[in-house]
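Inspection log for the structure reproduced underneath, given as structure tokens.
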Amino acid sequence: MQVSYYPGCALHGTAQDFDLSLRSICQTLGIELVELPDWNCCGASSAHALSDALSILLPARNLAIAEQSASRELLVPCAACYNRLKVAHRRYGEEAAFKEEVPYNGTVVIKHVNEFFAQHEVLSRIKARLKKTVQELNVVPYYGCLTVRHPKVINNPRPEDPREMDVILEAVGARLMPWSYKTECCGGSLMMARTDIVRKLTGDLFAAALDAGADAIVTDCPLCQGNLDMRQHEVAQAGGVSFYLPVFYITEIIGIAIGAPGAETWWKKHLVDPRTLLKEKNLWHR
396 MQVSYYPGCA LHGTAQDFDL SLRSICQTLG IELVELPDWN CCGASSAHAL
446 SDALSILLPA RNLAIAEQSA SRELLVPCAA CYNRLKVAHR RYGEEAAFKE
496 EVPYNGTVVI KHVNEFFAQH EVLSRIKARL KKTVQELNVV PYYGCLTVRH
546 PKVINNPRPE DPREMDVILE AVGARLMPWS YKTECCGGSL MMARTDIVRK
596 LTGDLFAAAL DAGADAIVTD CPLCQGNLDM RQHEVAQAGG VSFYLPVFYI
646 TEIIGIAIGA PGAETWWKKH LVDPRTLLKE KNLWHR
């Protein structure tokens with residue numbers, strides 16, 4: 396099985412653990428990731444504030460490259476990149492003038508990690524290669540806001556209660572704890588500018604996860620993971636409390652379950668080290 400791969404800037408920078416775990420599990424599952432040649436930044440962080448045309452043409456260039464690839468199914472792990480590519484794909488279908496700048500015919504199928512791994516064929520590969528049960532791990536799935544909004548762009552059938560990550564976690568045996576914060580924003584885009592807002596939003600998420608009885612948060616977004624991972628000590632200190640709540644990528648949980656190699660490298664990149672929890676649940680022995 397072969398799929399085109401657009402890592403985006405984050406997975407080559409602050410979210411290398413996401414990239415490493417994704418590559419490892421795909422190799423274990425017999426899935427060949429073909430990284431797009433000469434890909435460029437999708438402009439998610441600032442292009443839309445500078446120029447509407449630029450915010451469409453930057454991601455469209457990557458879609459045009461993917462359109463020339465052997466596989467027109469494009470795996471996009473970063474939630475911000477995924478959102479911008481989906482917006483560009485839709486705008487190209489509505490405004491033909493963009494094609495004069497960057498030719499793209501709209502034939503690429505854009506898939507986020509949850510959509511990709513929840514597919515029947517891929518999920519079957521995961522189930523066939525399970526080596527460890529993670530049934531003692533109590534988790535809350537956190538999708539964040541960018542993989543489900545705007546509903547008319549993303550076309551998720553359940554934008555307020557997505558299920559794709561739930562399906563994956565259930566398949567590997569994790570215990571899902573009920574909570575109502577699946578798609579709440581963590582304030583990632585305000586991480587530097589308005590730390591007061593971010594502290595409130597992340598604090599609410601941590602409180603809800605702990606109230607649900609979670610051992611960990613599992614996410615599919617590098618902005619969310621980085622924000623929650625970074626803010627945990629700050630939020631606890633501000634609230635005069637102490638808690639320990641590792642924040643995993645969904646790919647890391649799959650990796651644990653199927654015994655994908657390289658996990659030690661992933662954990663070293665976490666600010667809240669998950670190995671204490673994994674050892675407690677008999678999922679890590681080093």
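Quick note: the sequence shown uses the numbering used here, first residue 396, plus one each step. We treat Cβ as the ideally placed atom computed from N, Cα and C, and that holds for glycine.
It is roughly 44 Å from the alpha-carbon of E462 to the alpha-carbon of Y639. For I563, the uninterrupted alpha helix (DSSP H) segment begins and ends at 559-566. In the same chain as P554, and ignoring 5 residues on each side of it, the C-beta atoms closer than 6 Å to its own belong to V543, P546, in chain order.
Straight through space, the alpha carbons of E531 and R479 are spaced by roughly 37 Å. The beta-carbon distance between A602 and W574, rounded to whole angstroms, is 10 Å. This is too long to meet the 8 Å contact definition. Three or more Cβ pairs drawn from the stretch 665-675 and the stretch 637-651 lie within less than 8 Å of each other, which places the two stretches in contact. Cα atoms of A566 and K522: separation of roughly 7 Å, rounded to the nearest angstrom. Nearest in C-alpha terms to L673, of all of T528, R418, P617, V636, is T528. Around the beta carbon of V503, 16 or more other beta carbons lie within 10 angstroms, which makes this residue buried. Between I612 and V535, the gap from beta carbon to beta carbon is short of 7 Å. Taken in chain order, the whole alpha helix (DSSP H) runs of length 4 or more contained in the stretch 606-672 are 617-634, 645-653, 658-662. When the alpha-carbon of A475 is set against those of N550, R681, C436, the nearest one is in C436. Between N509 and R570, the C-beta gap is not smaller than 7 Å, which leaves the two residues out of contact. At the C-beta level, M572 and A631 stay beyond 7 Å of one another.
Annotation: the continuous beta strand (DSSP E) that includes L469 extends over 468-470.
Excluding five sequence positions before and after R524, the CB atoms of its chain that fall closer than 6 Å to its own CB belong to I653, given in chain order.
Spanning the alpha carbons of V482 and V636 requires a straight line of approximately 41 Å. Inclusion of E647 and W661 in the CB contact set at 7 Å is warranted, their separation being smaller than that value. With respect to the 7 Å criterion, C616 and G568 are not classified as neighbours on the basis of their beta carbons.
Contiguous alpha helix (DSSP H) elements confined to the stretch 405-433 occur at 411-424, taking only those with 4 or more residues.
Assigned with DSSP and collapsed to three states, P536 falls in strand. With fewer than three CB-CB distances shorter than 8 Å, the stretch 416-436 does not count as touching the stretch 485-504. Between L453 and A465, the gap from beta carbon to beta carbon reaches 7 Å or more. In the structure shown, the three-state DSSP call for K494 is helix.
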